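Student: Encoded as structure tokens, here's the structure I'll be asking about.
Residue numbers (our numbering): 774 to 1088.
Structure (structure tokens):
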């Protein structure tokens, strides 16, 4: 049970300011989301016995305050916005900025959130590079779709843009390759790509978007990524199991890995075949393969061990 004398702080983040709520004193205040504003916030928090500072992952706006909190040795939890929203709805709360900060503190205490793993600057740069590559690939797919139905007068322009995007993607991939060539990343990548079905792109996504890999249990890592089946039962009704939340980009990479592994990796291929033969839908079987792959990769990173191809007798 959470100690009620401990302090939870909620911070609602926007581009220009931070709204802060301290639960034990019900104090609220606002500072600017700038170097000076964050330093002022740290000075006000340091004398307090803080159990956790809770804020939502906002896609980058939180980086300044998180880095300063970590430097000040103040524990931080990045909350899943969907879970916070669901918690607020369960309490019948309205949405205002001041209330959001309070809601985050209350959610952190209620959920007893663990401290988040905060990336160092070098690791964060790798995350940004992998995400930018994904953005460019999505732009190229969109342009390719336009090309197929574009008027002849603009086809050359679209094609030129596709070629430009391809060149930028290649350059970014080269930069990512150089980054992961460092010994720490190289060893982890070697481990991941030893598993038949996991290629360089999937490995880069896992390394950048899932730094917790190897540090959590099988259930915890599956829940974090969002490949743990959720019940949809009510009374005597038994709904379909579903997956939701978590880290969508990691799931997308695991889906591609499962497609390959269900054909080429004997362990995953046999697992997939068994599920389909038992009447599972192919997509459901693939999701189960995603979870199995994730759990295997998690264990491999934890044990610092490459994949060993089983013999036919072992399979």
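Idealized CB from N, CA, C, for every residue including glycine. Keep in mind that this is a model prediction, so the values were computed, not measured.
What are the partner residues of residue 1022, as DSSP defines its beta bridges?
Tutor: BP columns for residue 1022 are empty, so no partner.
Student: Are the segment 1034 to 1050 and the segment 973 to 980 in contact at 8 Å, needing three or more beta carbon pairs?
Tutor: Because the criterion of three Cβ pairs below 8 Å is not met, the segment 1034 to 1050 and the segment 973 to 980 do not touch.
Student: Let me know the secondary structure DSSP gives residue 810 once reduced to three states.
Tutor: DSSP places residue 810 in helix when its eight states are reduced to three.
Student: Going by the beta-carbon positions, is the gap between residue 786 and residue 843 smaller than 9 Å?
Tutor: Contact flag unset, no.
Student: In this structure, does DSSP put residue 822 in helix, strand or coil?
Tutor: Coil at residue 822, not helix or strand.
Student: Among the residues of its own chain, which have a CB less than 6 Å from the CB of residue 941, if the five just before and after it don't count?
Tutor: So the qualifying residues of the chain are 909.
Student: Which first and last residues belong to the alpha helix (DSSP H) in which residue 995 is found?
Tutor: That run of the alpha helix (DSSP H) goes 991 to 998.
Student: Would you mind stating whether residue 899 and residue 813 have Cβ atoms separated by less than 9 Å?
Tutor: Contact flag unset, no.
Student: Write down the C-beta distance between residue 780 and residue 797 rounded to the nearest angstrom, noting that I regard them as a contact closer than 8 Å.
Tutor: Indeed, because the Cβ distance is near 5 Å, the residues count as touching under 8 Å.
Student: Mind checking residue 943: buried by the 16 CB within 10 Å criterion, or exposed?
Tutor: The residue in question, residue 943, is exposed, as its Cβ has fewer than 16 Cβ neighbours within 10 Å.
Student: When you compare only the Cα positions, how much space is there between residue 878 and residue 930?
Tutor: C-alpha separation (whole angstroms): 51 Å.
Student: Quick one: give me the first and last residue of the beta strand (DSSP E) that residue 852 is part of.
Tutor: Where residue 852 is concerned, the enclosing beta strand (DSSP E) stretches over 849 to 852.
Student: Looking at the secondary structure, which residues open and close the beta strand (DSSP E) in which residue 784 lies?
Tutor: Taken as a continuous stretch (DSSP letters only), the beta strand (DSSP E) holding residue 784 covers 780 to 786.
Student: With three or more beta-carbon pairs closer than 8 Å as the criterion, would you say the segment 981 to 994 touches the segment 1069 to 1082?
Tutor: Yes: at least three Cβ pairs fall under 8 Å.
Student: Measure the alpha-carbon distance for residue 1027 versus residue 1067 and round it to whole angstroms.
Tutor: Distance between the alpha carbons of residue 1027 and residue 1067: 7 Å.
Student: Pick from 837, 804 and 906: whose alpha carbon is nearest that of residue 1022?
Tutor: Looking at the Cα atoms, 906 is the closest of the given residues.
Student: Going by the CB atoms, is the gap between residue 782 and residue 794 shorter than 9 Å?
Tutor: Cβ distance < 9 Å, so residue 794 and residue 782 count as in contact.
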